[in-house]
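What follows is a single structure, written as structure tokens, with notes after it.
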Amino acid sequence: MELKDKLISSFMAFEEKLDLNSDVHNIRSKSFNYFEKNGFPTKKDEAWKYTSLEKLLKNDYRIFPKKVISIELRDVKKYFLYDLDTYKIVFIDGIYSPFLSDTTHDGLDVCLLSAALSKPKYKKVIKKYFNKIALKNDSLTSLNTSFTKEGAYIFIPKTVVSEKPIQIIHFSTGKQGKMLLQPRNLIVVEENAQVQIIERHQSLKSFQILTNSVTEIFSNKASHVDYYKIQNDYEDSSIIDNTYISQDKDSNVKVHTFSLGGKLIRNNLNFFQNGENIESTMKGITIIGDRQHVDHYTLVHHSKPNCNSFQEYKGIFSDRSVGVFNGKILVDKIAQKTNAFQQNNNILIDDNATINTKPQLEIFADDVKCSHGCTIGQLDNSALFYLRSRGIPKKEAKALLTYAFANNVLESVQIPELKNRINSLIAKKIGVNLGHDL
Amino acid sequence: MAYTEEELKKELETKEYEYGFYTDIESDTIPVGLNEDVVRKISKLKGEPKWMTDWRISAFKFWTQMKEPDWSNVKYKKPDFQDISYYSAPKSKKKYDSLDDVDPELIKTFNKLGISLEEQKKLTGVAVDVVMDSVSVATTFRETLSKKGIIFCSISEAIKEYPDLVRKYLGTVVPFKDNYYAALNSAVFSDGSFCYIPKGVRCPMELSTYFRINQAGTGQFERTLVIADESSYVSYLEGCTAPSRDENQLHAAVVELVALDNAEIKYSTVQNWYPGNKHGKGGVYNFVTKRGICHKNSKISWTQVETGSAVTWKYPSCILKGDNSIGEFYSIAVTNNFQQADTGTKMIHLGKNTRSTIISKGISAGKSQNSYRGLVKIEPRAKNARNFSQCDSLLMGNLCGAHTFPYIEARNNSAQIEHEATTSKIGEDQIFYCNQRGIDTEKAIALIVNGFSKEVLNKLPMEFAVEAQKLLEISLEGSVG
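Protein sequence lines correspond, in order, to chains E and U. Quick note: the first sequence uses our numbering, first residue 9, plus one each step. Quick note: the second sequence uses our numbering, first residue 7, plus one each step.
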């Protein structure tokens with residue numbers, strides 16, 4: 009059975025268990041109609057020109073987990089930031105694991121979307137925010153919306169500064185065969201509030217898993233959101249990450265994406281600016297090899313004056329890996345004094361690696377400063393020579409230079425423990441022996 | 007007697023046949039509409055050999071299977087292909103007795119461009135003094151060229167006189183299957199230019215500068231083929247800075263360049279067709295396919311200044327097939343009022359050590375939309391390929407838009423690619439600085455725009471550069487508010 013047909017029948021089965029009269033269900037069925045009509049994107053869609061889902065969709069995925077599987081903390085401890093006190097929301101094969109999690113309702117809500125959708129006290133928030141910025145005309149997002157069931161729900165009320173970072177971790181065990189996971193996260197940060205979030209998808213062994221995740225982040229007036237995505241999974245795991253961020257006046261949102269492993273990674277990152285004096289930052293490091301494929305698709309929509317956006321993506325590609333970067337900056341007529349910057353630097357290590365990049369600017373306002381830069385190249389030979397002439401072997405010299413190339417993206421990481429962790433992940437990936445934690 | 011719909015239909019059908027089959031060859035016109043017979047007829051009227059007719063027919067057949075593309079960033083009313091007359095002898099322009107009868111606006115523009123009085127007369131169709139006739143000048147140049155073995159003639163002449171050359175190269179760079187408009191052009195092209203530079207010859211003059219008057223009016227489906235044989239050089243100029251009041255709405259030309267080993271082709275275009283009026287009515291659609299192929303150590307350089315047309319949609323491209331070949335693209339696209347331009351280039355690197363440079367300057371004013379769309383593709387075999395691209399946009403006023411869509415595809419680790427794009431406006435401080443020194447705002451803008459586009463203007467042949475510079479000023483006139 010084709011995956012699409014399977015999804016159609018699964019949706020019917022899914023519907024039977026739900027309250028059909030709720031508002032949320034209306035949204036679900038509308039989205040499903042869209043998906044049913046349009047199906048999965050193909051290479052003919054301009055947005056998917058360089059990334060093909062065809063092979064992935066041939067797998068026979070399990071849509072709903074069969075049973076609850078528990079895992080021991082000691083087996084997965086290394087995937088947590090354990091040297092740091094954090095709130096945790098942990099899912100195993102798409103099902104919430106209370107044992108591994110550490111949620112709260114004390115001053116702020118760090119809990120489950122399923123709870124937020126069903127309990128009356130959250131009704132107002134859900135009504136105001138749920139599915140408000142996720143694109144209605146995107147079939148993968150619609151698919152996720154129609155199967156909305158579980159995910160993280162984070163609500164930071166006015167002027168609250170979350171003292172602990174929040175970790176959202178999705179484990180997949182591989183004990184139930186090939187899986188299609190569709191987590192849905194809703195994050196609302198009210199006026200002057202601040203939060204740091206770390207999201208990670210991790211398989212516990214190599215098996216075919218496809219995650220189609222949607223996250224909506226609402227950053228209200230003067231709030232700060234710091235979001236980190238760690239993508240360092242087994243070589244058979246694939247993820248399509250759709251993140252939508254709406255920003256109000258004076259807010260500041262930073263998203264860092266570390267794509268270090270996986271079969272196919274597609275990051276759709278969308279920023280919508282709805283007020284003045286907004287700062288949006290997107291940074292990413294991609295280091296892949298084998299036949300891995302990473303695709304960053306970013307959109308920044310500047311619709312109000314005096315806003316800034318900053319994008320910096322670095323990629324290092326070896327073996328037969330494929331990197332794609334598609335960055336779009338849209339500046340409306342009214343968005344004068346916009347300052348938009350976009351930078352994409354790539355290094356191709358091996359002959360068979362491929363880069364496709366398409367930085368786009370669409371500008372309708374005249375008093376703006378917009379620039380994009382894009383480079384594809386190799387390590388600087390003279391720098392390499394310099395290191396070698398000082399007795400550093402070629403292999404190490406190369407590794408050092410590669411490490412230095414990627415490193416400056418890390419500078420803006422605000423959590424020192426996380427920075428260390430990523431640093432050593434990168435060093436390991438490249439093969440540099442730092443000899444110490446930075 | 008009642009006149010039924012059936013009868014009307016029948017009559018209409020026969021009517022078409024009437025014109026389709028019985029038109030006198032001498033009258034040189036073909037009824038409006040497009041079908042296989044029209045294509046055959048065009049071929050017959052031009053006295054073409056069978057292979058050419060067959061080629062046209064297969065292009066036409068392929069065209070009928072194709073869909074009109076709509077991916078570009080321009081909006082326009084789709085042309086009705088059955089409402090176009092596909093062949094008519096060069097339009098006999100209105101003859102005036104003296105320049106005084108000509109539209110004074112046009113004369114004003116000519117004077118600003120610095121076009122000589124004689125040329126002005128020619129361009130507007132005023133009868134020209136026999137002594138000053140530039141045709142005689144043209145003939146002398148033709149002699150000089152033929153002494154060197156250079157062939158420069160219309161493509162229909164070439165099809166008859168040099169069929170081997172034409173047959174060998176026509177459609178090799180832009181096959182008729184390439185795109186919708188290329189297929190249409192291949193089926194119905196009426197005329198165009200053909201140029202062949204033999205081995206080791208350096209063409210002594212800028213081709214077509216002196217012929218520009220003669221070349222005018224070659225029709226809406228122009229076909230150009232330039233072949234530079236081994237180690238030769240040619241600089242080819244197309245178009246005209248003078249505004250042309252062409253009534254044809256759709257222009258779908260095809261230009262093919264072939265640079266054999268060690269050859270160099272420089273192709274410059276200045277396009278200033280009718281852009282429509284201030285309210286965006288009328289104007290020419292310019293949908294052109296231009297492409298060149300570079301063999302070993304050869305070089306193709308495209309320079310274009312696009313100021314006219316309501317809708318411009320074209321990408322002069324280079325296929326860098328041979329090792330060490332070089333492709334260059336220098337472009338200025340100016341849009342004002344309701345004009346739209348979606349232009350750029352494609353650099354396809356196939357050979358080793360190939361290099362390409364892209365400099366694109368877009369200036370948008372009024373309510374216009376200006377897009378750069380480009381592709382840089384490095385294939386796995388293209389070791390040490392190098393590309394540098396720069397696209398800058400200048401916005402004037404907040405009703406226009408500037409867009410960039412660069413596609414970069416690298417499949418090889420020795421490639422070095424750089425791409426830069428900026429968007430800016432003319433700074434108030436820059437204008438203030440000029441004002442302070444007694445330069446009025448309009449002049450100041452012209453000065454800044456010229457500085458902005460200098461890198462491209464420098465690439466134009468001397469006499470063209472001066473005119474192009476003035477053309478920029480004129481195109482942007484009144485855009486400062």
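Cβ coordinates follow ideal geometry from the N, Cα and C atoms, glycine included.
At the level of alpha carbons, what is the spacing between T362(E) and R387(U)?
Position 354 of the first sequence holds residue 362(E). Position 381 of the second sequence holds residue 387(U). In this model, T362(E) and R387(U) are separated by some 13 Å (Cα to Cα).
Work out the CA separation of R62(U) and F195(U) for me, nearest whole Å.
Locating residue 195(U) in the second sequence gives position 189, counting from the first residue. Locating residue 62(U) in the second sequence gives position 56, counting from the first residue. Looking at the two C-alpha atoms, the distance is approximately 9 Å.
Buried or exposed: which applies to M402(U), given that a residue is buried once 16 or more other Cβ atoms fall within 10 Å of its Cβ?
Looking up residue 402(U) in the second sequence gives position 396. So M402(U) counts as buried.
So, does the CB of Q368(E) fall closer than 7 Å to a CB anywhere in chain U?
Taking the first sequence and counting its residues from 1, one reaches residue 368(E) at position 360. Taking CB atoms only, Q368(E) has a neighbour in chain U less than 7 Å away.
Hey, would you say V417(E) sits closer than 7 Å to K322(E), going by beta carbons?
As a first step, residue 417(E) is located in the first sequence; it is residue number 409 there, counting from the start. As a first step, residue 322(E) is located in the first sequence; it is residue number 314 there, counting from the start. Against a cut-off of 7 Å, the Cβ pair of K322(E) and V417(E) comes out as a contact.
A450(U) (DSSP reduced to helix, strand or coil):
For the purposes of this step, residue 450(U) is identified with residue 444 of the second sequence, where counting begins at 1. In this structure, A450(U) counts as helix in the three-state DSSP scheme.
Where does W57(U) fall in DSSP's three states?
One-based indexing of the second sequence puts residue 57(U) at position 51. In the structure shown, W57(U) adopts helical secondary structure according to DSSP, grouped into three states.
Going by the CB atoms, is the gap between V302(E) and I324(E) shorter than 7 Å?
On the first sequence, residue 324(E) is found 316 positions in, with the first residue counted as 1. On the first sequence, residue 302(E) is found 294 positions in, with the first residue counted as 1. No, these two residues do not count as a Cβ contact at 7 Å.
Spell out whether any CB of chain E is found under 7 Å from the CB atom of Y413(U).
Within the second sequence, the letter at position 407 stands for residue 413(U). Yes, Y413(U) lies at the interface with chain E (some Cβ there is under 7 Å from its Cβ).
Positions along the region 365–396 of chain E whose CB lies within less than 8 Å of some CB in chain B
Looking for chain B here will not work: the only protein chains present are E and U.
Meets three-Cβ-pair contact criterion under 8 Å: the region 449–462 of chain U and the region 393–404 of chain E
No: fewer than three Cβ pairs fall under 8 Å.
Contact criterion: CB-CB distance below 7 Å. Does T94(E) meet it with respect to chain U?
Walking along the first sequence from the start, residue 94(E) turns up at place 86. Judged by the 7 Å Cβ criterion, T94(E) is not in contact with chain U.
Would you list, in sequence order, the uninterrupted beta strand (DSSP E) runs of no fewer than 3 residues that lie entirely inside the region 151–186 of chain E?
Complete beta strand (DSSP E) runs here, min 3: 160–164, 174–180.
Strand pairing of H355(U), partner residues [DSSP]
For the purposes of this step, residue 355(U) is taken as residue 349 along the second sequence, with counting starting at 1. H355(U) pairs with L326(U), I384(U).
Judging by CA-CA distance, which residue of I325(U), W319(U), Q396(U) is the nearest neighbour of P75(U)?
Mapped onto the second sequence, residue 75(U) falls at position 69. Its Cα nearest to that of P75(U), the residue W319(U) stands out among I325(U), W319(U), Q396(U).
Simplified DSSP assignment, three categories, for K38(E):
Locating residue 38(E) in the first sequence gives position 30, counting from the first residue. Correct three-state label for K38(E): helix.
Count Cβ pairs between the region 351–369 of chain U and the region 321–337 of chain U that sit closer than 8 Å; are there 3 or more?
Because the criterion of three Cβ pairs below 8 Å is met, the region 351–369 of chain U and the region 321–337 of chain U touch.
Taking 7 Å as the CB-CB cut-off, is L492(E) touching chain U?
Since the first residue of chain E shown is 9 and the last is 446, residue 492(E) is not available in this structure.
Neighbour flag for L409(E) against chain U, beta carbons, 7 Å
The residue you call residue 409(E) lines up with position 401 of the first sequence. Using a CB distance cut-off of 7 Å, L409(E) does not count as an interface residue toward chain U.
Who does L194(E) pair with in a DSSP beta bridge?
The residue you call residue 194(E) lines up with position 186 of the first sequence. Residue pairing by DSSP places L194(E) opposite Y161(E), E224(E) in a beta bridge.
Return the residue from the list I480(U), T178(U), H425(U) that minimises the CA-CA distance to A265(U).
What you label residue 265(U) is simply residue 259 of the second sequence in a count that begins at 1. Cα-wise, what sits closest to A265(U) is T178(U).
Given that R387(U) touches chain E, what residues does it touch there, using C-beta distances under 9 Å?
Sequence index remark: in the second sequence, residue 387(U) carries index 381 (1-based). Close partners of R387(U) in chain E (Cβ separation under 9 Å) are lacking, with about 10 Å as the shortest Cβ gap.
Between which two residues does the beta strand (DSSP E) carrying C201(U) extend?
As a working mapping, residue 201(U) is identified with position 195 in the second sequence. That run of the beta strand (DSSP E) goes 199–203.
Taking beta-carbon pairs under 8 Å, can you tell me which members of the region 295–319 of chain E lie near chain U?
So the list is empty, because no residue satisfies the distance condition.
Is H304(E) buried or exposed, if buried means 16 or more other CB atoms sit within 10 Å of its CB?
For the purposes of this step, residue 304(E) is taken as the residue at position 296 of the first sequence. H304(E) is buried by the Cβ-count criterion.
In angstroms, rounded to a whole number, what distance separates the CA positions of I174(E) and A160(E)?
Position 166 of the first sequence, counted from the first residue, corresponds to residue 174(E). Position 152 of the first sequence, counted from the first residue, corresponds to residue 160(E). C-alpha separation (whole angstroms): 10 Å.
Separation of N314(E) from K287(U), as counted between CA atoms:
The count along the second sequence starts at 1 and reaches residue 287(U) at position 281. The count along the first sequence starts at 1 and reaches residue 314(E) at position 306. Rounded to whole angstroms, K287(U) to N314(E) spans 36 Å at the Cα level.
Distance between L26(E) and R36(E) (C-alpha atoms, nearest Å)
One-based indexing of the first sequence puts residue 36(E) at position 28. One-based indexing of the first sequence puts residue 26(E) at position 18. Rounded to whole angstroms, R36(E) to L26(E) spans 11 Å at the Cα level.
At least one CB of chain U closer than 7 Å to the CB of D359(E): is that the case?
Residue numbering aside, residue 359(E) sits at position 351 when the first sequence is read from its first letter. So, interface residue.
Select from the region 26–60 of chain E all residues with a C-beta closer than 7 Å to any C-beta belonging to chain U, and list them in chain order.
Identification of residues in the region 26–60 of chain E having a C-beta nearer than 7 Å to some C-beta of chain U yields an empty set.
Which of the three DSSP states, helix, strand or coil, is assigned to R70(E)?
The residue given as residue 70(E) occupies position 62 in the first sequence. Three-state DSSP puts R70(E) in a strand.
Range covered by the beta strand (DSSP E) that runs through M20(E)
Reading the first sequence from its first residue, position 12 is the one you call residue 20(E). Taken as a continuous stretch (DSSP letters only), M20(E) belongs to no beta strand (DSSP E), being part of the alpha helix (DSSP H) at 11–24.
What does the alpha-carbon distance come out to for the pair K131(E) and N34(E)?
Position 123 of the first sequence holds residue 131(E). Position 26 of the first sequence holds residue 34(E). Each residue's Cα considered, the two are about 15 Å apart.
Chain E partners of L401(U), CB-CB under 9 Å?
Locating residue 401(U) in the second sequence gives position 395, where the first residue counts as 1. Per Cβ cutoff of 9 Å: I371, F372, A373, D374, D375, V376.
Identify, in the order they occur along the chain, each residue of the same chain with its Cβ nearer than 6 Å to the Cβ of E10(E), setting aside the five sequence neighbours on each side.
Looking up residue 10(E) in the first sequence gives position 2. So no residue of the chain qualifies.
So V332(E) is in the beta strand (DSSP E); what residue range does that whole segment cover?
Indexing the first sequence from 1 puts residue 332(E) at position 324. Here the beta strand (DSSP E) through V332(E) covers 330–339.
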